[in-house]
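See below for the structure under consideration.
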Amino acid sequence: MTGQILPLRPLAASEPGVPVGQLVHRDLRQRIIRGELAPGALLSEAEMARSFGSSRQPVREAFIKLAEEGLVEVRPQRGTLVRKISIKRVMDIRFVREAIEANVVHLLASEPEPAIIADLRAQIARQREVAPDAQDVFMALDETFHHTMARAIGKTYAWDVVESVKAQMDRVRYLSFADFPISRLIAQHEAIVDAIETRNPQAAEEAMRIHLREILKDLPNIAAARPELFDMEEVQVTP
Numbered sequence: 166m167t168g169q170i171l172p173l174r175p176l177a178a179s180e181p182g183v184p185v186g187q188l189v190h191r192d193l194r195q196r197i198i199r200g201e202l203a204p205g206a207l208l209s210e211a212e213m214a215r216s217f218g219s220s221r222q223p224v225r226e227a228f229i230k231l232a233e234e235g236l237v238e239v240r241p242q243r244g245t246l247v248r249k250i251s252i253k254r255v256m257d258i259r260f261v262r263e264a265i266e267a268n269v270v271h272l273l274a275s276e277p278e279p280a281i282i283a284d285l286r287a288q289i290a291r292q293r294e295v296a297p298d299a300q301d302v303f304m305a306l307d308e309t310f311h312h313t314m315a316r317a318i319g320k321t322y323a324w325d326v327v328e329s330v331k332a333q334m335d336r337v338r339y340l341s342f343a344d345f346p347i348s349r350l351i352a353q354h355e356a357i358v359d360a361i362e363t364r365n366p367q368a369a370e371e372a373m374r375i376h377l378r379e380i381l382k383d384l385p386n387i388a389a390a391r392p393e394l395f396d397m398e399e400v401q402v403t404p
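The sequence shown lines up with residues 166 to 404 when you count with the working numbering.
As structure tokens, then:
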């Protein structure tokens, strides 16, 4: 797909008060994560501005933010290119996410509120109802599950940090979804909540670490099966 400038769909609906640059960034970020914009796709600043009915400035700002996340490469006078998945960046992000979320559940298990436990149990019940091919639905529920735990102990900023850097990790999660049983993820979610409910911080922390280390098992196989999507100079995967 290298060298091809893809047409961009307009926003489905405007969101009053939300800057255009933020809307463009969010739309492109999701399309890259889902694989709709594959590595090598070229994005035209002028075409994007026309598509979103804006000037070039908010589009340029969106490109810069995507570049900071390692999702695109901005080439002056040449265009903006969707980057391959950086294995090194995926592993670095996983390390950061594990450090934050292991501490989140450790604190939450120290003094769990019954209402939070009930909320998490209800979320797991909804996760069980998701159809096997409803990837976007399950991913959204998974996001809510993890965010709920951070919010429960007043660590929403910690989750914001995770959210801001995990796009590369999410690209791999989308690729692995077809071959990864949702039931295993749900069982891991249940183990985390069980440990929180029994006020066992160490068990909660360990359950979260096990959950977030699943990518260590999947990434080498995915990279080997789809080498065109990855930076193959970084094939060595270590925890």
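For glycine and all other residues, C-beta sits at the position ideal for the given N, C-alpha and C.
These numbers come from a predicted model, not from an experiment.
Cβ-based burial, PHE260 [other Cβ within 10 Å; buried from 16]: Sequence index remark: in the sequence shown, residue 260 carries index 95 (1-based). The residue is exposed, with fewer than 16 neighbouring Cβ atoms inside 10 Å.
Meets three-Cβ-pair contact criterion under 8 Å: the stretch 358-371 and the stretch 265-277: yes
Environment of GLN333 [buried if 16+ CB atoms lie within 10 Å]: Locating residue 333 in the sequence shown gives position 168, where the first residue counts as 1. Answer is buried; the Cβ neighbour count reaches 16.
Chain-order list of residues whose beta-carbon lies under 6 Å from that of LEU285 (same chain, five-residue window excluded): Mapped onto the sequence shown, residue 285 falls at position 120. So the list reads VAL358, once near-sequence residues are dropped.
Residue from SER348, VAL183, SER275 whose Cα sits closest to the Cα of GLN293: Along the sequence shown, one-based indexing puts residue 293 at 128. Note on residue identity: the sequence assigns Arg, not Gln, to residue 293. With distances taken between Cα atoms, ARG293 lies closest to SER348.
Simplified DSSP state of VAL239, which is helix, strand or coil: On the sequence shown, position 74 is the one that residue 239 refers to. Strand at VAL239.
Where MET166 falls: helix, strand or coil (DSSP): Counting from one through the sequence shown, the residue named residue 166 turns up at place 1. The pLDDT assigned to MET166 is 40, lower than 50, so where the model puts this residue is not dependable, and the model offers no usable value.
Short Cβ contact (9 Å threshold) for ILE250 with ILE361: If you number the sequence shown from 1, residue 250 lands on position 85. If you number the sequence shown from 1, residue 361 lands on position 196. Not a contact, by the Cβ cut-off of 9 Å.
Span separating the alpha-carbon of GLY218 from that of ARG225: Numbered from 1 along the sequence shown, position 53 holds the residue referred to as residue 218. Numbered from 1 along the sequence shown, position 60 holds the residue referred to as residue 225. Between GLY218 and ARG225, the C-alpha separation is close to 14 Å.
Cβ contact check for the stretch 204-216 and the stretch 302-314: 3 or more pairs under 8 Å: no
Candidates ARG364, ASP396, ILE387: closest to GLU276 by CA position: Taking the sequence shown and counting its residues from 1, one reaches residue 276 at position 111. Answer by Cα proximity: ARG364.
Three CB pairs or more closer than 8 Å across the stretch 192-203 and the stretch 230-250: yes
6 Å CB neighbourhood of GLN242 in its chain, flanking five on each side removed: Against the sequence shown, residue 242 aligns to sequence position 77. Counting only Cβ-Cβ distances below 6 Å, and skipping sequence neighbours, we find nothing.
Beta-carbon separation (whole angstroms), ILE351 vs ILE289, contact threshold 8 Å: The sequence position of residue 351 within the sequence shown is 186, counting from 1. The sequence position of residue 289 within the sequence shown is 124, counting from 1. 6 Å between Cβ atoms; contact.
C-beta atoms of ILE252 and ASP396 nearer than 9 Å: In the sequence shown, counting from the first residue as 1, residue 252 sits at position 87. In the sequence shown, counting from the first residue as 1, residue 396 sits at position 231. Closer than 9 Å, so yes.
Cβ-Cβ distance between VAL183 and LEU208 below 9 Å: Residue numbering aside, residue 183 sits at position 18 when the sequence shown is read from its first letter. Residue numbering aside, residue 208 sits at position 43 when the sequence shown is read from its first letter. In this structure, LEU208 does not lie closer than 9 Å to VAL183 by Cβ.
Reference LEU188, options PHE228, ALA356, GLU393, closest by Cα: Taking the first residue of the sequence shown as position 1, residue 188 is located at position 23. That would be PHE228, whose Cα lies nearest to the Cα of LEU188.
Bridge-paired residues (DSSP) for GLY244: For the purposes of this step, residue 244 is taken as residue 79 along the sequence shown, with counting starting at 1. According to DSSP, GLY244 bridges with ARG240.
Residue from HIS190, ARG254, GLU379, ALA343 whose Cα sits closest to the Cα of GLN353: Taking the sequence shown and counting its residues from 1, one reaches residue 353 at position 188. Selected option, being the one with the closest Cα: GLU379.
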